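Structure, as structure tokens:
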Amino acid sequence: MYVTERLTKPLTEVKYLNADNVDRYRSIMRIFFENYEKLKYWLYQEEVYEEMIRDPYFKGYRLEQCQQDLTALTEWKNLIAMQDTRKAASLEEFKNRNYRYQMSEYSVEIERLVLRLENLLIEGASLEPTLLERLRRSIEKLPEMAHKNMEEVYAWWNDLNNDFIRLNQNYQDYIRDLNSVKAEEMMRTREFLIFKDKLVEYLRNFIKGLQKNVGVIEEDLRMADPGLLQEIFDKVNTYEMSIPRMDTEVSLEMIQEKTAGRYKSIHDWFVSENGAENEAGKLFDATNEIIRRITRYAAVLSEKNALGANRREEYKKAAEIFLKCRDMDQAHKMAAMVFGLERPLHLKAADARETESMNKGVYEEKAAEFVLKPRIRAYGEKSRRSSITDTRKQKEETRRQMLEELREDRRKLQLLERDGRIDFASLPVIEPRVREILLKWLSDALEDADYSARTDDGRLYKLDTDQSKERCVVRCLDGNFTMPRMSIVFMEG
1 MYVTERLTKP LTEVKYLNAD NVDRYRSIMR IFFENYEKLK YWLYQEEVYE
51 EMIRDPYFKG YRLEQCQQDL TALTEWKNLI AMQDTRKAAS LEEFKNRNYR
101 YQMSEYSVEI ERLVLRLENL LIEGASLEPT LLERLRRSIE KLPEMAHKNM
151 EEVYAWWNDL NNDFIRLNQN YQDYIRDLNS VKAEEMMRTR EFLIFKDKLV
201 EYLRNFIKGL QKNVGVIEED LRMADPGLLQ EIFDKVNTYE MSIPRMDTEV
251 SLEMIQEKTA GRYKSIHDWF VSENGAENEA GKLFDATNEI IRRITRYAAV
301 LSEKNALGAN RREEYKKAAE IFLKCRDMDQ AHKMAAMVFG LERPLHLKAA
351 DARETESMNK GVYEEKAAEF VLKPRIRAYG EKSRRSSITD TRKQKEETRR
401 QMLEELREDR RKLQLLERDG RIDFASLPVI EPRVREILLK WLSDALEDAD
451 YSARTDDGRL YKLDTDQSKE RCVVRCLDGN FTMPRMSIVF MEG
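With UniProt numbering applied, the sequence shown has no gaps in its numbers, which climb one by one up to 493 at the end.
So this is what it looks like as structure tokens:
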């Protein structure tokens, strides 16, 4: 953020929205705005006054009050006043200063914002895949825009930015609404089940649009030629500089900064760089998370509804059974069955029974013992103390076996050695263990610049690669493999 004078100065143009007599000020500004949309930019005091008293709310409104209100709005820079000398027929009329008024640029934008806020709940936000498709088609035209004239490039640039702004604002507002407290409360009501499927389908269609278009847009933006982009930016900036502005002075640096900033926003929204996730990916994850939450709430509501329906049928059936009871004693027995212990606990033993006789009762059999453990996280069984066991014999036996294996490996390798050399092309059928050792020696030597290394027992060897262009087959007990013909030459006895 750069702190400039435009950022720090107070906006006196918004005072009329929250000042005393706000009802009069806002009504006057709405009259000017409605006439502005009808291309009637200048209004006289009498015309404003007539519009005001047409509404019964301002039946006591006086012309002097209208003059005071127009003066206040002019001081706040909401209106621009200009003395009309055409109607002055005498010097007295000229002294009375008959003014006509026009809205300022700030006031027009403020009224547009106020209208959007008033209709916010009616208009709402949306997730439209068509905006993504329009953006994709616009960005696909990027290479050919360098050869178009300035008017066509400027129109294409405006359409691209307007579509991107609409997409960015709409998705932020829509996702915010779905993540609001009010939406959470609504998802917990049974009425939510009515349009749950429609909402999920709407979100899934938008996800399909994301998957279809975002990848293409990202690839087009990555492949965009910087020189071509600069030509397009120059045409846009030149055209904007050629637009005549009455009261505003715009420098080329300001327009260049604005154009570059808008393109960077579009680029960062679709393109992920330096391992960071782009905005389109965040939108994809947020939409999927909302679908999961909607599905979860809908499942809970469905279970509650099903549970309530089953309980109603159970109560109805229980009432019918009570009505069929012969006397109170049978009704008491039925009540004990219906309202007694709902789910009695049964302990099942896994031990073998002494007899399989069906005539033998439970109390006649031997009792089984169960150890019950508390179901809490902090519970831990007591550890049994034991003395330190002597493992020297096991260690000595393990050491003896390892030395025996090393001696056996060394013996097998010595049988393969001929005059201080092991030639891979002349090897007999070898075991997998021997093959692993030879390939390890080969790998260690290849990692050295001189192709030399040492074995585990300290013998220095060097790899002979003079015949490496030839191929040889090494045969093993578990299969054969082909490799360049090389030899291991030992430098010491």
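By construction, the Cβ of each residue, glycine as well, lies at the ideal position given by its N, Cα and C atoms. Bear in mind that the values here come from a model prediction, so they are computed numbers and not experimental data.
Reduced DSSP category for residue i - H, G, I as helix; E, B as strand; rest coil
{"i": "F370", "result": "coil"}
{"i": "T391", "result": "coil"}
{"i": "C66", "result": "helix"}
{"i": "K141", "result": "coil"}
{"i": "T4", "result": "coil"}
{"i": "M103", "result": "strand"}
{"i": "S443", "result": "helix"}
{"i": "I376", "result": "coil"}
{"i": "V216", "result": "helix"}
{"i": "I122", "result": "With a pLDDT of 43 at I122, under the threshold of 50, the modelled position of that residue is not reliable, and the figure given next carries that caveat. Of the three classes helix, strand and coil, the one that applies to I122 here is helix, per DSSP."}
{"i": "residue 520", "result": "Outside the displayed span of the chain (1 to 493) sits residue 520, for which this structure offers no information."}
{"i": "R384", "result": "coil"}
{"i": "V338", "result": "helix"}
{"i": "V22", "result": "helix"}
{"i": "V474", "result": "strand"}
{"i": "R418", "result": "strand"}
Rounded separation between residue i and residue j - CA only
{"i": "L206", "j": "I139", "result": "First, the residue type needs correcting, since residue 206 is Phe and not Leu in the sequence shown. Roughly 19 Å between the two C-alpha positions."}
{"i": "K264", "j": "E257", "result": "10 Å"}
{"i": "N35", "j": "Y41", "result": "7 Å"}
{"i": "N170", "j": "P226", "result": "30 Å"}
{"i": "K208", "j": "N237", "result": "36 Å"}
{"i": "E289", "j": "E184", "result": "13 Å"}
{"i": "G361", "j": "G380", "result": "38 Å"}
{"i": "L442", "j": "V429", "result": "18 Å"}
{"i": "R24", "j": "L63", "result": "13 Å"}
{"i": "E253", "j": "V153", "result": "19 Å"}
{"i": "R166", "j": "R188", "result": "31 Å"}
{"i": "L160", "j": "A224", "result": "16 Å"}
{"i": "residue 498", "j": "Q394", "result": "This structure does not reach residue 498, given that the chain is present from 1 up to 493, and the question cannot be answered."}
{"i": "Y461", "j": "R407", "result": "19 Å"}
{"i": "E123", "j": "D173", "result": "Confidence at E123 is low in this model, with a pLDDT of 48, below 50, so the placement of that residue should be treated as unreliable; the coordinate-derived value is given next. Taking the straight line joining both Cα atoms gives about 11 Å."}
{"i": "T389", "j": "L403", "result": "25 Å"}
Residue interval of the beta strand (DSSP E) (run including residue i)
{"i": "P484", "result": "G479 to P484"}
{"i": "I422", "result": "R421 to D423"}
{"i": "S272", "result": "Careful: S272 lies outside any beta strand (DSSP E) and carries neither H nor E."}
{"i": "residue 498", "result": "With the chain covering only 1 through 493, there is no way to say anything about residue 498."}
{"i": "D464", "result": "L460 to D464"}
Span of the alpha helix (DSSP H), counted from its first residue to its last, around residue i
{"i": "F490", "result": "Not the alpha helix (DSSP H): F490 falls in the beta strand (DSSP E), residues S487 to F490."}
{"i": "Y16", "result": "Premise fails: Y16 is in no alpha helix (DSSP H) and is neither H nor E."}
{"i": "M241", "result": "P226 to S242"}
{"i": "I53", "result": "Q45 to I53"}
{"i": "S452", "result": "Careful: S452 lies outside any alpha helix (DSSP H), inside the beta strand (DSSP E) at S452 to R454."}
{"i": "F164", "result": "M150 to L178"}
{"i": "A183", "result": "V181 to M187"}
Beta-carbon proximity check, residue i vs residue j, cutoff 8 Å
{"i": "I294", "j": "V216", "result": "no"}
{"i": "V271", "j": "L221", "result": "yes"}
{"i": "R485", "j": "C476", "result": "no"}
{"i": "R100", "j": "L43", "result": "yes"}
{"i": "I31", "j": "E51", "result": "yes"}
{"i": "F33", "j": "E111", "result": "yes"}
{"i": "L323", "j": "L193", "result": "no"}
Assumed close pair residue i, residue j - CB separation to whole angstroms, cut-off 8 Å
{"i": "L446", "j": "L463", "result": "7 Å"}
{"i": "I232", "j": "A146", "result": "6 Å"}
{"i": "D177", "j": "L135", "result": "Not confirmed; about 23 Å, so no contact."}
{"i": "I28", "j": "V48", "result": "6 Å"}
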